[in-house]
Amino acid sequence: MGMQGDFLQLLKEQGYTLSTPAMVGTGHAVTNATTILAFKYRDGVLVAGDRRATAGNMVMYDRTDKVLEIDRHSVMAIAGVPATAYEMVRVLEHSFKYYRRTQLQELSFDGKLRAISKLLKDNVPAALAGTGAVVPVFAGYDLEQGSAKIYFYDILGAEFEGVEYAVSGSGSPTIRGILHYLNTWGDQPLNQLPQEQAMVEALRLLASAAEFDSATGGVNREASLYPVIKLITGAGVQTIPDMTLKPLYESQVVRYV
Amino acid sequence: MYEEPYRWVEAVGNRRQYLDEQFKQGSPVVALAYDKGILLVTVSKGTPKLYEIYDRLALGGMGHPTDLEKLRFSLLEMAHVEGFNRSPSDVTGSRLVKYGIAPVIKQAFEEVYKAPFIVRILVAELGQKPEKDALLTINYDGTFEETTGCAVLAATSAAETKMTAYLKEHTSAALSLEQALDLALRAWAIGSLAHQQDESDQRAETQSSVSGAGASEAAVLGPDVLREHVRSLAGGRMLECAVLEREAPGTSKYRSLKLTDLSGMLPKALQSVVAN
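What follows is the structure, encoded as structure tokens:
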């Protein structure tokens, strides 16, 4: 068993289950109130998410981090039930480390993708019952191929490659159209954008999502609350501090009418 | 026949003799604190002897590769399950050693019908603060020791004592990584030479010939002699170095030093070791 370096299998042997199967007929409408997005820019891939967590009409928390670092070169952005999503990230984080340390080599990028699919598949009963649906976007830098990659998933674990961009969450229909427009008819395609311009576009996209989706939090300047933006390049994952986002937001996102 | 207490004691004694014999060809391992973390050094013949166990834990070993692998896997399993179920800060070297593998090693050693683990193990733990750093060594019979500053594994306890004494004598509060590397390699040479010395002494005894000059030689060896010894041995083998760095980005603090990293750090006399 140990020879496979499979951490989830190790946990299962100790009686661990990712999600408890819910009773049939308790299904709720699947909601995933948030907005997350990822697109490729000149140096790698940018992943961003708003910070609002809601329960129905209630804003529960306005400092959620939905863009989570799994290792030095990959990030998972989550939409859906946070409890399950955080647990999945924890399992993945330990799985990748465990694989590297036991097998003395990095898990390949494809191997990482499979690990996520497997977790989502294990989670199907809870997802269908409405108690644990997670719709993640996975982005990373494939060191072997030297290129950035984006994948998105449905709640059942099917994996799709987002060639230039991927979005998820309740605010995503709004910005999906904008991303298509920008990428096709913008001054330059998204993957040509320099770093600063990519960050400005991410802020504008999230502001647009917040405009039309009550479950997506915008920028709260009084509380110095900005979205989470992470950049992944060959050098690793980099979290952009609020100090950098503030001047960008004020000079290039806000319109004083 | 081992049911009789005397036989059992005799069997365990034989086992000690057998195990001591097994380590004769082994290469010493040195762990040494430096200003930004902990350095581990050894010279191995092919199979690696230094490994990453967890975010702040590293392993060094001597002995049979398969036994070392077995124990490495149980350390990895325990550390990761604990880190997942509780939290990474609850994974400590001392718990893994005292309640995890030391009892297993002791049991295997004393069950005289079964094979013992042919290993000596060193676990280095990087604390949140330098004063929380810990170095643990476990012998093949399951006895363990916890120290700070420096720790070694060698073929005999006499060699270990010499190496530790040398390290303690030459270490200072804030060694740079380069200085620590040089000192650790010199200590490695002390261990390797002490062991050669033992062997030649024994040979001298059995041949009942007189060779008194060699006995006190090790005590007065200069740094250059020691470096020369490393150079002469390391040529055909693999110089293995790893660090636990307190300031490393991210949660995993372990980094194995590659030959390209080492070439800039080694003392001039040893540059040729990594050149080829």
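Those sequence lines, one after another, are chains P and D.
In terms of the numbering used here, the first sequence opens at residue 95 and continues consecutively.
In terms of the numbering used here, the second sequence opens at residue -13 and continues consecutively.
Positions of the beta carbon are idealized from the N, C-alpha and C atoms, including for glycine.
Same chain only: Cβ atoms within 7 Å of residue i, ignoring 5 sequence neighbours per side
i, result
"residue 150/D", "136, 138"
"residue 219/D", "29, 178"
"residue -5/D", "none"
"residue 128/D", "88, 89, 91, 92, 95"
"residue 34/D", "226"
"residue 318/P", "336"
Close beta carbons around residue i, own chain, < 8 Å, minus the five adjacent residues each side
i, result
"residue 302/P", "268, 269, 272"
"residue 255/D", "210, 213, 214, 217"
"residue 116/D", "19, 232"
Burial state of residue i, where buried means 16 or more other Cβ atoms lie within 10 Å
i, result
"residue 264/D", "Residue coverage of chain D in this structure runs from -13 to 262, which leaves residue 264/D outside it and unanswerable."
"residue 306/P", "exposed"
"residue 6/D", "exposed"
"residue 153/P", "exposed"
"residue 203/D", "Caution is warranted here: a pLDDT of 48 is assigned to residue 203/D, below 50, making its placement in the model unreliable, and the coordinate value is therefore given only provisionally. By the neighbour-count rule (16 or more Cβ atoms within 10 Å), residue 203/D is not buried but exposed."
"residue 102/D", "buried"
"residue 118/D", "exposed"
"residue 263/P", "buried"
"residue 170/P", "buried"
"residue 134/D", "exposed"
"residue 148/P", "buried"
"residue 133/P", "buried"
"residue 9/D", "buried"
"residue 348/P", "exposed"
"residue 345/P", "exposed"
"residue 155/D", "exposed"
"residue 37/D", "buried"
"residue 41/D", "buried"
"residue 168/D", "buried"
Per-residue DSSP class, three states only, for residue i
i, result
"residue 332/P", "strand"
"residue 182/P", "helix"
"residue 337/P", "helix"
"residue 22/D", "coil"
"residue 162/P", "strand"
"residue 210/P", "helix"
"residue 306/P", "helix"
"residue 314/P", "strand"
"residue 9/D", "coil"
"residue 111/D", "strand"
"residue 229/D", "strand"
"residue 203/P", "helix"
"residue 59/D", "helix"
"residue 252/D", "coil"
"residue 269/P", "helix"
"residue 111/P", "coil"
"residue 194/D", "Reliability fails at residue 194/D, whose pLDDT of 49 lies under 50, so the model's placement of it is uncertain and no value is given."
"residue 290/P", "helix"
"residue 94/P", "Nothing about residue 94/P can be reported from this structure: the residues present for chain P run from 95 to 351 only."
"residue 247/P", "strand"
"residue 169/D", "helix"
Per DSSP, the bridge partner or partners of residue i
i, result
"residue 132/D", "122/D"
"residue 168/P", "165/P, 234/P"
"residue 222/D", "Answer is none; residue 222/D lacks a bridge partner."
"residue 130/P", "143/P, 262/P"
"residue 241/P", "236/P"
"residue 241/D", "229/D"
"residue 105/D", "49/D"
"residue 37/D", "45/D"
"residue 174/P", "228/P"
"residue 323/P", "142/P"
"residue 27/D", "16/D, 227/D"
"residue 149/P", "152/P"
"residue 347/P", "DSSP output for residue 347/P lists no bridge partner at all."
Whole-number beta carbon distance between residue j and residue i, since they are thought to touch under 8 Å
i, j, result
"residue 240/P", "residue 328/P", "7 Å"
"residue 339/P", "residue 297/P", "7 Å"
"residue 160/P", "residue 128/P", "6 Å"
"residue 228/P", "residue 214/P", "7 Å"
"residue 245/P", "residue 138/P", "Their Cβ separation, rounded to whole angstroms, is 15 Å, which puts residue 245/P and residue 138/P out of contact at 8 Å."
"residue 18/D", "residue 170/D", "5 Å"
Beta-carbon proximity list for residue i, same chain, < 6 Å, skipping 5 on both sides
i, result
"residue 260/D", "245, 248, 249"
"residue 196/D", "Low per-residue confidence applies at residue 196/D: pLDDT is 43, beneath 50, and the placement is therefore not dependable, though the value from the model is reported in the following sentence. Within the same chain, residue 196/D has no close Cβ partners at all."
"residue 194/P", "200"
"residue 107/D", "47, 124"
"residue 173/D", "16, 149, 152, 153"
"residue 144/D", "none"
"residue 79/D", "43, 109, 111, 120, 122"
"residue 196/P", "99"
"residue 277/P", "258, 283, 284"
"residue 144/P", "129, 300, 310, 311, 321"
"residue 155/P", "147"
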